[in-house]
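Residues 25 to 248 (the numbering used here) make up the sequence shown, in order.
Ideal placement from N, C-alpha and C gives every residue a C-beta, glycine not left out.
To start, the structure under review is shown below, and the notes come after it.
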Amino acid sequence: MLQYPTHKYGLQMEWRSEMVAYSTDAAFEFFVVETLLEIQMNNQSVTTGTVGYMGWALASWLLSMPNAGWFDRVYGHGLAIAWPLAVILGVMGILSFMQSRSLDSIIFFGGAGLFWSMYTFAQQIVAGVNSEPRTYAGWYYLVWAVFFCYVWLGSFKAGLPRILFLLALWLTLLALAIGNWGGPQLFLVLGGYLGLLTAILAAITSAITVIMHGRVSEHPNGTV
25 MLQYPTHKYG LQMEWRSEMV AYSTDAAFEF FVVETLLEIQ MNNQSVTTGT VGYMGWALAS
85 WLLSMPNAGW FDRVYGHGLA IAWPLAVILG VMGILSFMQS RSLDSIIFFG GAGLFWSMYT
145 FAQQIVAGVN SEPRTYAGWY YLVWAVFFCY VWLGSFKAGL PRILFLLALW LTLLALAIGN
205 WGGPQLFLVL GGYLGLLTAI LAAITSAITV IMHGRVSEHP NGTV
């Protein structure tokens, strides 16, 4: 029988045991760190998703009611909220980009540009310095409709709420484009109601984001 030198192989086996123990501890620490980072990222994502889509909902609802025929124009609160929400959407877009949530960042950046430009246009109307033809506004809405249409085409793996939100959004803008090009008044009213639907879908997306986070991420075992 072969005799192994214990002074040599005993030390080697002890060294290997220490390495295994060290590797196990390192793997556990790595798992803990990754889990904490994931929880932190989920907390950040739920903030941007909840706030960003609720910003879309508020602005879309207030700006769509006049087109739907509920009011004759956009009043003070609708104008006052457009610019702050545009800024908030811009910030949420930056944060979403930093969190590698590309679709949300595109949606929020687009919303910031859309609502900021609408606010500026409304201010010009109030000041009486804007006299553009309606067909020009039609092209404005068409460009935005095309943009959100291809964003919608890239959202088919993002979940049903975002898909329906983007679908309603670009159809809203398309209806407003046709209405401003001289189409029947029905298209402007249709654009208003589609805008209200867009606002509802944005609010649902916002609510789902925070509710699912509270039920799954923070309390995975049903504990408080």
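Using 9 Å as the threshold, is the C-beta distance between residue i and residue j below it?
| i | j | result |
| --- | --- | --- |
| A199 | F211 | yes |
| G207 | N91 | no |
| I130 | G114 | no |
| I112 | G137 | no |
| T71 | R125 | no |
| N204 | Y165 | yes |
| W85 | Y143 | no |
| D128 | G183 | no |
| T233 | S69 | yes |
| A169 | L197 | yes |
| I105 | A83 | yes |
| A201 | T222 | no |
| G135 | L109 | yes |
| G93 | V167 | no |
| F171 | W194 | yes |
By a C-beta neighbour count over all protein chains shown, 10 Å radius and 16 as the cutoff for buried, is residue i buried or exposed?
| i | result |
| --- | --- |
| T74 | buried |
| Y46 | Here the model assigns Y46 a pLDDT of 45, short of 50, so the residue's position is not dependable, and the following value carries that caveat. It counts as exposed. |
| G178 | exposed |
| F95 | exposed |
| G253 | Residue 253 is absent from the structure shown; the chain starts at 25 and stops at 248. |
| V250 | Any property of residue 250 remains undetermined from this structure, which presents the chain solely from 25 to 248. |
| G102 | buried |
| T159 | exposed |
| S155 | exposed |
| M236 | exposed |
| W163 | exposed |
Can you tell me whether residue i is helix, strand or coil according to DSSP?
| i | result |
| --- | --- |
| D96 | coil |
| A201 | helix |
| F180 | coil |
| R125 | coil |
| P90 | coil |
| S155 | coil |
| V206 | The amino acid occupying residue 206 in the given sequence is Gly; Val does not appear at that position. In the structure shown, G206 sits in coil (DSSP, three-state: anything other than H, G, I, E or B). |
Taking CB distances under 9 Å as the criterion, tell me whether residue i reaches chain D.
| i | result |
| --- | --- |
| V111 | No chain D appears in this structure, which consists of one protein chain only. |
Check: Is the segment 182-191 touching the segment 138-147, taking contact as three or more C-beta pairs under 8 Å?
Finding: no
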